[in-house]
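**Q** Residue numbers (my numbering): 12 to 132.
From the three backbone atoms N, C-alpha and C, an ideal C-beta is built for every residue, glycine too.
Computed from a predicted model, the values in this text were never measured in an experiment.
Sharing a structure here in structure tokens format.
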């Protein structure tokens, strides 16, 4: 066995192997969403998720006020509120999906690392 293979096998800890065994099945959408709430960024993920819900509620409120507006000026202001809150919701959702994609890529990299170690031994 080469020096590189030995170093790679030693670098792969028992925790890594257990983690990779848990990844044998491809997780579904809701499992992936739930896994985004774990790890170092779990509080930021929860914050972004809650913010997107709050902003969506604000968009609904602004839309309702837009329908009830009496003047053109009020309509423009409430329409701006609807547009800006929905834009913010979209940006939070993009961040959340990018986080899920990041975790999926890490899973694949760990899986490849394990296959390299198993194939080298």
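#1: Use the C-beta contact count for residue 89: other C-beta atoms within 10 angstroms, 16 or more gives buried, fewer gives exposed.
#2: Short check: CB of residue 48 to CB of residue 60, under 9 Å?
#3: Assuming contact is defined by CB atoms lying nearer than 9 Å, are residue 96 and residue 64 in contact in what I supplied?
#4: In the structure shown, what three-state DSSP assignment does residue 119 receive?
#5: Count the other C-beta atoms from every protein chain shown that fall within 10 angstroms of the C-beta of residue 7, then say buried if there are 16 or more, exposed otherwise.
#6: To the nearest angstrom, how far is the alpha carbon of residue 92 from that of residue 73?
#7: Check whether the segment 50-59 and the segment 77-89 touch, using three or more Cβ-Cβ pairs below 8 Å as the test.
#8: Report the rounded CA-to-CA distance for residue 45 versus residue 129, giving the unit in angstroms.
#9: Would you identify the three-state DSSP class for residue 52, choosing helix, strand or coil?
**A** The structure says:
#1: buried
#2: yes
#3: no
#4: helix
#5: There is no way to answer for residue 7, as the model of the chain reaches only from 12 to 132.
#6: For residue 92 and residue 73, the distance between alpha carbons rounds to 6 Å.
#7: no
#8: 29 Å
#9: DSSP places residue 52 in coil when its eight states are reduced to three.
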